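Numbering (the numbering used here), first residue to last: 16 to 306. No residue lacks a Cβ here, since even glycine has one placed at the ideal position from N, Cα and C. Every value quoted in this text rests on a predicted model; they were computed, and no experiment measured them.
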Amino acid sequence: MPAWVLFGCGAAILSAVLMLLQERLRVDGYALAIWCKIACVCVTLPFVLINGLPTQPLFYLFLGIGAVLWSISDVVFFRGIPQAGAGAVSRVLPSSILISFLLWFVIDPDLLHTYLGQPWVFAGIAVVMALWAFCASNLRKCPVSMGALRAVWFVLFAASIGPLLAKLTTQNAAIEQGPYAYVFVEGLMMITLLGTYGLIRRPIAAGVFFAPSTMRGGLLIGAVMAAAVLLSLYAYYAADNPAYVPAVKLLDAVIILAVYAAIGRRNNGDIWSGLGVVGCAALLIALKSFV
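Next up, the structure:
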C-alpha cells in the first residue's frame, strides 16, 4: 500500500477522533483553538530544533495568510461541533472541495479549455456536479444539515481556500523541515493572533480559559490535531498526485457514522444526501487526477 494512502487514512481517523472528542468534551471554541495550538507547538518543537526552519520568505508569507484565516475558522469550527454534531459537520464540509473547484476557474480561466479538451473527463465532472447539486438541494430541506451549515459556514469558506495556501506554503520548504515547521510556526502565529484578540475583546472569562477541564481537553484535542496535520502534510509530500489525498481524508465522515452505529447513537439528518456530497467530492478529486 502506498505511503500516502497510509498517511491519508491516518489523518482521516484522527480527524474523526478530533471531532468526536470535541462533541463529547464541549470545550469553549475560543479557548480550545488556543490550547490546540499550544499543544501543536509543544509537539513539533523538538523536531524544529533538530531540523531547523525554512529560509524562504514565501513560506512565512503564505503561512501568515493561512494563520489569519484558520484563527477565525478554528473558533467557528470548535464552537459548531457541540452545536450541530460531529456527524452533520463532517458531511457538510466536503462541499468546500467542489466549491473551490468551481472558484478556480475564475482564477485560471484557461484551465476550463484543458477540461474541454478531454470530453470524457469533462462529462464525468458535469455528472458529478449535477449529483452534488441534487444532494445539496436535499440537504437544504434537512433542518439538521442546515443547522450545521449555519454553524460552520466560515469553516466551509476557509476550507475552500486553505488547500491552495497549504500547497503554496509547502512548495517553499523541504520535506525534512516543511511539515514540522508548518505546524510549529502556524501555531505561534495563531496563538499571537488569538491571544491579542482575547486581550482586547475578552471573549471568555479567565477562569473558563484556565479551568483544568478546558486545559486537559484543549491539550488532548491539540495533540490529536497536530498528529493529523503532520500526517496530512506527509501524505501530500508522498503522493505522486496531491489531488488523491483529500479524497482519502473524506473518510472521516464515514468513520464518524461507524462510531455512531457502534455505540448505538441515533444519527439525525439526511445521512444519505450528506454521504452523497462526500462521494461527489471524492469522485471529483479522482476525475481531476486524469487532467
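Kindly list the residues whose CB is nearer than 6 Å to the CB of PRO69, restricted to its own chain and excluding five residues on each side of it in sequence; keep chain order. Only ALA188, GLN192 and ALA196 meet the Cβ criterion.
Measure from the alpha carbon of PRO227 to the alpha carbon of each residue in TRP50, LEU33 and ALA250, then state which is nearest. In terms of Cα proximity to PRO227, the closest of TRP50, LEU33 and ALA250 is TRP50.
Tell me the DSSP secondary structure of ASN66 in three-state form. Here DSSP, grouped into helix, strand and coil, assigns ASN66 to helix.
How would you label LYS264, buried or exposed, when you count the other beta carbons within 10 angstroms and need 16 or more for buried? Its Cβ being crowded by 16 or more others within 10 Å, LYS264 is buried.
Identify, in the order they occur along the chain, each residue of the same chain with its Cβ nearer than 7 Å to the Cβ of LEU203, setting aside the five sequence neighbours on each side. Residues of the same chain with a CB within less than 7 Å of the CB of LEU203, apart from the 5 flanking positions on each side, are VAL56 in chain order.
Alpha-carbon to alpha-carbon, ALA243 and ALA26: Taking the straight line joining both Cα atoms gives about 5 Å.
Would you grab the beta carbon distance between VAL42 and GLY232 for me? Rounded to a whole angstrom, and I think it's under 8 Å. Confirmed, Cβ separation roughly 4 Å.
Could I get the ranges of all uninterrupted alpha helix (DSSP H) runs contained in the stretch 186-237, with 4 residues as the minimum, in chain order? List check, alpha helix (DSSP H) in window: 193-216 and 221-224.
Measuring alpha carbon to alpha carbon, tell me which of TYR75, GLY102 and LEU29 ends up nearest ALA276. Closest by alpha carbon: GLY102.
Per-residue DSSP class, three states only, for ASP285: Per DSSP, reduced to three states, the secondary structure at ASP285 is coil, with no helix or strand assignment.
Are LEU108 and ALA174 touching if we call contact CB-CB under 8 Å? Going by C-beta atoms, LEU108 is nearer than 8 Å to ALA174.
So what does DSSP say about PRO158, is it helix, strand or coil? DSSP places PRO158 in the helix class (H, G or I) of the three-state scheme.
Only counting the same chain, and skipping five residues up and downstream in sequence, which positions put a Cβ closer than 8 Å to that of GLY210? Counting only Cβ-Cβ distances below 8 Å, and skipping sequence neighbours, we find ILE49.
Decide if VAL293 is buried, meaning its Cβ has at least 16 other Cβ atoms within 10 Å, or exposed. By the neighbour-count rule (16 or more Cβ atoms within 10 Å), VAL293 is buried.
Apart from the five residues just before and just after PHE169, which ones in its own chain have a Cβ nearer than 7 Å to its Cβ? So the list reads ILE87, SER88 and VAL91, once near-sequence residues are dropped.
Contact check, TYR75 vs VAL200, beta carbons under 8 Å: Yes, these two residues count as a Cβ contact at 8 Å.
Starting from the C-beta of GLY307, find all residues in its chain whose C-beta is less than 6 Å away, skip the five residues before and the five after it, and write them out in chain order. The shown model of the chain, from 16 to 306, leaves out residue 307, and the question about it has no answer.
Roughly how far, in whole angstroms, is the beta-carbon of ILE53 from the beta-carbon of LEU302, given that I think they are within contact range, below 8 Å? Your pair ILE53 and LEU302 does not check out as a contact, with CB atoms roughly 40 Å apart and the cut at 8 Å.
Within this structure, are the beta carbons of TYR45 and PRO218 separated by less than 8 Å? Taking 8 Å as the Cβ cut-off, TYR45 and PRO218 qualify as a contacting pair.
Inter-residue Cα distance where the pair is MET214 and LEU208: In the sequence as displayed, the identity of residue 214 is Leu instead of Met. When rounded, the distance between both Cα atoms is 10 Å.
Range of the contiguous alpha helix (DSSP H) that encloses PHE22: Where PHE22 is concerned, the enclosing alpha helix (DSSP H) stretches over 18-40.
Quick check on DSSP: helix, strand or coil for PRO124? Three-state DSSP puts PRO124 in coil, outside helix and strand.
Cβ shell of PHE120 (< 8 Å), same chain only, five flanking positions each side left out: Taking C-beta separations shorter than 8 Å and ignoring five residues to either side along the sequence, the partners of PHE120 in its chain run LEU126 and LEU127, following chain order.
Roughly how many angstroms lie between the CA atoms of GLN133 and PHE305, to the nearest whole one? So the alpha carbons of these two residues sit roughly 9 Å apart.
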